[in-house]
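This report concerns only the one structure given below.
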Amino acid sequence: MWPLLGVVWSIPLADPAAASQWLAQAPQVQSAEDLADLENGDSEDLQLSDSDDTLQVNLATRSLQLRSDQQSFNQRAQVFEAEGNVEMVFGRTRLLADRMRIELQEQRVVAEGNVQVQLDQQRVQGERLEYNFTEEQGTLEPAFGEVDIGNLPTDDDHPTLSSSPLTRTSGEDPSRLLRFQAARIEFDATEWRGIDVRITNDPYNPPELEYRSPQVTTLLRADGSSVITADQGQLVFDQAFFLPLPIQVRLDQLNQQPPISVYFDNFDREEIRRGLVIQPNFELLETPNVSFVLSPQVYPQRLFDELGGLENGLGLRTDLNVKYPNTGQVTHVMAELRGVVFEELSDRLLLEVEHLIPTGRWGRVTYSYGFRERFFSGLLGFQIVQNRLGTRYASPTQTLGNSGIAFNYQLALDLIDALGQDPINTDVALGEQTSDQQLQLARLQVGTTLSRSFILWQPSPPPTPGSPPELHLKSETTVANLWESNRQPPPSLRFSPVPIEEGLWLNTGLSSSQSYYTNGEAQSFFSGSIGIDAVVGRFVKDTLDYTNVSVTYTNGFLSGASPFLFDRITTREQLDLGILQQIYGPIRVGAETTVDLQSGQAVDTTYTLGYDRRTYGLRININPERETGALELRVDSFNWNNVANPITELNRGIEQKDEL
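Okay, here's the thing in C-alpha cells:
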C-alpha cells in the first residue's frame with residue numbers, strides 16, 4: 152500500500168483490470184517535489200493542475216474523478232481509499248464525504264461521514280452510502296435533503312384582464328424545493344425510494360407542516376425536476392394536529408386536485424342542485440407525464456330531501472392531465488356527472504377539454520371544447536353554454552419601454568351553441584328570465600388592457616429573510632433530530648411565506664373588448680378605471696397588524712350587445728370594494744364586492760375567513776350571489792389546485808377562466 156497526498160485521480164471504471172494495472176504502475180507521490188518531478192517527466196497520462204498541487208489523470212472516457220487530502224491504494228485487495236474532504240465526480244453526480252473506499256473488483260464505493268450526493272438541483276445528505284457502479288444502484292442511510300419539483304406558473308405569470316388586490320406581498324415567490332428526511336434511501340440513475348419519510352415545505356425548524364409516509368418514490372426528470380409519489384400517510388400541522396390521508400399523494404409540475412375537496416354549489420336546475428359537495432380525489436394512473444384522477448361526489452343535502460335519493464345524492468368527476476415532455480404543452484380533460492339518472496345524461500353531464508401550448512415567455516395558445524360549460528356573467532348570473540369549440544391566444548404581460556405601463560391582449564375565435572335573443576332586448580330583468588331560444592353562431596373577440604400603478608407612500612422595504620443555514624450530519628447527530636435543530640424563521644415570515652409589502656398605491660387602467668358575431672351583431676366596450684390599494688401592517692404581530700383596503704371605480708362606453716346571454720355586458724359603471732383584516736394571530740377576515748352603480752345592485756360578493764401560516768392556510772369562501780362556497784386548504788409548494796367547482800369568469804365579456 153502506498154499513500155497519495157492531495158491528489159486528484161481519474162480512474163477508468165469500465166475495466167477494473169485496467170484500473171488495477173494502471174494504479175500498480177503509478178508512481179509514488181508523497182510531496183510537492185514528487186509532483187514537480189511528474190510535471191517535468193514525459194508521461195502523457197499525468198497532468199499537474201494549475202489551480203493547486205493536484206494530479207489529474209485521464210485514461211478513459213468513462214472515468215471517476217477523486218480529490219481528497221489523503222489517499223492510498225491497496226494493490227492486493229484492489230481497494231482505493233481516500234480520507235479528508237473527499238470529493239468524487241461521476242457523470243452528473245457529485246459526491247462529498249469524510250471518508251471513501253472504492254472497491255475495484257466489486258465495482259462499489261462506500262462513503263461515510265457527512266455524505267452529500269448532488270444531482271442537478273437534487274441534494275441528499277446522510278451518514279453512510281453504498282453505490283454499485285455496474286448496476287448504478289445505491290443506498291444512503293440515514294438521509295435528508297432537498298427535492299426540486301419544478302416551477303408551477305403562478306397567477307402573476309399568466310396574463311389576465313383583472314386581478315384581486317387583496318394578495319399584495321413583496322413579490323417574491325415561495326420556493327418549490329421540498330425538504331425531506333428518511334431512515335433509508337434506495338436509488339438508481341432515475342429513481343429514489345425512501346423508507347419512513349417526512350416531507351416538509353418549510354425551510355425552518357421545527358417545521359409547521361409535514362407529510363409523513365412509510366414509503367416515497369421520487370422520479371428524476373431530464374430537466375432536473377422531480378415527480379414525488381407518497382403512499383398513504385398523514386399531514387402533521389405544528390407537530391400537534393394529525394390529518395390522515397388514506398390515498399396516494401403526487402407532487403410534480405401538473406396541477407392536481409387535493410386529497411379531498413369540500414365546497415357548496417347551488418347553481419343548476421332545482422331538481423339537480425347539489426348544495427354541499429364532499430369530493431375525495433383518487434389518482435388511479437400515475438406516470439411522469441400522465442395523471443388520471445377519479446373523484447366520487449356525495450351531496451349530503453340531496454340524499455335525504457324529497458327530490459333526492461341515491462340517484463340525485465351521488466355524482467362522479469374525472470380529471471385527465473397529460474404533459475408533453477420538452478414542449479411545455481398540457482392537455483386537460485374534465486368530465487362531471489351530477490347524479491346517476493342516466494336517462495337525463497345530457498342534462499347532468501359537464502365536459503371540458505383544453506390543450507395549452509406555451510408561446511414565448513408565458514404567452515399561450517389554448518384550444519378548448521366545452522359541453523354544458525358554466526359562465527358567471529354579472530347581473531345575468533349563471534349561464535350554461537350548451538356547446539363551445541374555440542381557440543384563444545393570451546399574450547404575456549409586457550412593459551412598454553420605460554413608461555412602467557403594462558400591456559397585454561387576448562384573441563379568441565369560438566363556435567357557440569347557447570341561449571340568446573334574436574332580436575336583442577337589453578333589459579336585464581328580461582335577460583334573467585329563462586329563454587328557450589338556442590343560437591348557433593361564431594364569435595371573434597379581441598381584448599386589450601393598459602395598466603400602471605403609482606406608489607403614493609411606502610415605508611422602508613420589508614427585511615429580506617435570507618437563506619436558512621446549511622445542515623450537516625455530525626457524529627452525534629441523527630436524521631431524527633435534524634428536524635428539531637435550531638433553524639428559526641425570521642420575524643417577517645411568521646404568518647406569510649414571503650414578507651408583506653406595506654404602502655399606498657394608485658392603480659390606473661384602460662381596457663377594450665370587442666366581440667363580433669356571424670349574425671352581424673357586435674358588442675364593444677371601452678372603459679377606464681382608477682383605484683386605491685392600501686396595505687398597513689406586516690402580519691407579524693398578534694392583533695390588527697394587517698389591513699388591506701382596495702377601492703376601484705370603473706366607467707366606460709358600451710355600444711351594441713351580444714346576442715347571447717352568457718357574454719353580454721350589463722354593467723357599464725361599477726365600484727369594486729375590498730378589505731382583508733387580521734383579527735388575531737393567523738386569523739383574517741375579508742370581503743370583496745362589485746356594485747353596479749346604475750342599478751345600485753351588488754353584482755358579486757365574496758366573504759372570506761382565513762387561517763394563514765407561513766407554509767399552509769385554511770380558508771372558507773361564501774358567495775351569496777352565486778350561491779357557492781368552498782373550504783380550501785393551501786399548502787405552499789404543493790401542486791394542489793383548489794378550483795374544484797369549474798366556473799368560467801367573464802370580465803367585460805372576455806373569458807377569464809384559470810388554466811387547469
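Here the sequence shown stands for residues 152 to 811, numbered as in my numbering.
All residues carry an ideal CB built from backbone N, CA and C; glycine is no exception.
If you're wondering where the values come from, they're calculated on a predicted model, not measured in any experiment.
Whole-number beta carbon distance between residue j and residue i, since they are thought to touch under 8 Å
| i | j | result |
| --- | --- | --- |
| VAL240 | GLN216 | 5 Å |
| VAL266 | ARG279 | 7 Å |
| PHE690 | SER647 | 5 Å |
| GLN448 | GLN430 | 5 Å |
| ARG523 | ILE535 | 6 Å |
| GLY654 | VAL702 | Contact flag wrong, Cβ pair sits at about 15 Å. |
| LEU562 | VAL597 | 6 Å |
| PHE443 | LEU471 | 5 Å |
| PRO409 | LEU784 | 6 Å |
Buried or exposed by the 16-neighbour rule on C-beta atoms within 10 Å, applied to residue i
| i | result |
| --- | --- |
| LEU247 | buried |
| GLU256 | The amino acid at residue 256 is misidentified as Glu; the sequence shows Gln. Counting Cβ neighbours within 10 Å, GLN256 comes out exposed, since fewer than 16 surround it. |
| GLY552 | exposed |
| TYR668 | buried |
| TRP656 | buried |
| SER643 | buried |
| ASN302 | Unreliable positioning characterises ASN302 in this predicted model, as indicated by a pLDDT of 44, which lies under 50. A coordinate reading is not provided. |
| GLU286 | exposed |
| GLN733 | buried |
| ILE253 | buried |
| ALA228 | exposed |
| PRO799 | Before going further, note that residue 799 is Thr rather than Pro in the sequence given. So THR799 ends up on the buried side. |
| GLY671 | exposed |
| TYR815 | Residue 815 lies beyond the residue range present for the chain, which begins at 152 and ends at 811; the question has no answer from this structure. |
| ASP727 | buried |
| GLN226 | exposed |
| GLU359 | buried |
| VAL400 | buried |
| ASP693 | exposed |
| ILE805 | buried |
| PHE455 | exposed |
Strand pairing of residue i, partner residues [DSSP]
| i | result |
| --- | --- |
| LEU461 | Beta-bridge pairing links LEU461 to no other residue. |
| LEU268 | Sequence inspection shows Val at residue 268; the Leu mentioned does not correspond to that position. Answer is LEU246 and VAL275. |
| LEU360 | PHE388 |
| ASN576 | For ASN576, which the question treats as bridged, DSSP gives no partner whatsoever. |
| LEU657 | PHE605 and ILE683 |
| VAL536 | GLU524 and ALA569 |
| ARG401 | THR380 |
Coil, strand or helix - residue i by DSSP
| i | result |
| --- | --- |
| GLY511 | coil |
| GLY529 | helix |
| ASP416 | strand |
| LEU454 | helix |
| PRO431 | strand |
| PRO642 | helix |
| THR212 | Because THR212 sits at a pLDDT of 45, beneath the cut-off of 50, its placement in the model cannot be relied upon, and the following sentence gives the value as read from the coordinates. Correct three-state label for THR212: coil. |
| GLU778 | coil |
| PHE789 | coil |
| GLN807 | coil |
| LEU496 | helix |
| ILE556 | coil |
| GLU743 | strand |
| GLY345 | strand |
| THR548 | coil |
| ASP763 | strand |
| GLY490 | coil |
| LEU303 | Note that LEU303 has pLDDT 37, beneath the 50 cutoff, so the model's placement of it is unreliable and the number below is only indicative. Correct three-state label for LEU303: coil. |
| GLN480 | coil |
| GLN749 | coil |
| ASN352 | coil |
| TYR667 | strand |
| GLU652 | coil |
| GLU337 | strand |
| SER519 | strand |
| GLN332 | strand |
| HIS262 | Inspection of the sequence shows that residue 262 is occupied by Ala rather than by His. Correct three-state label for ALA262: strand. |
| ALA563 | strand |
**OP:** Count the C-beta pairs between the stretch 376–394 and the stretch 747–761 that are closer than 8 Å, then say yes if the count reaches three, no if not.
**Re:** no
Original post:
Does the count of Cβ pairs from the stretch 724–744 and the stretch 488–507 closer than 8 Å reach three?
Top reply: no
**OP:** Answer yes if the stretch 333–342 comes into contact with the stretch 360–370, meaning at least three C-beta pairs across the two stretches below 8 Å, and no otherwise.
**Re:** yes
**OP:** For the stretch 559–568 and the stretch 587–600, state whether three or more C-beta atom pairs, one from each stretch, are separated by less than 8 Å.
**Re:** yes
**OP:** Take every Cβ of the stretch 328–336, pair it with every Cβ of the stretch 288–300, and state whether three or more of those distances are shorter than 8 Å.
**Re:** yes
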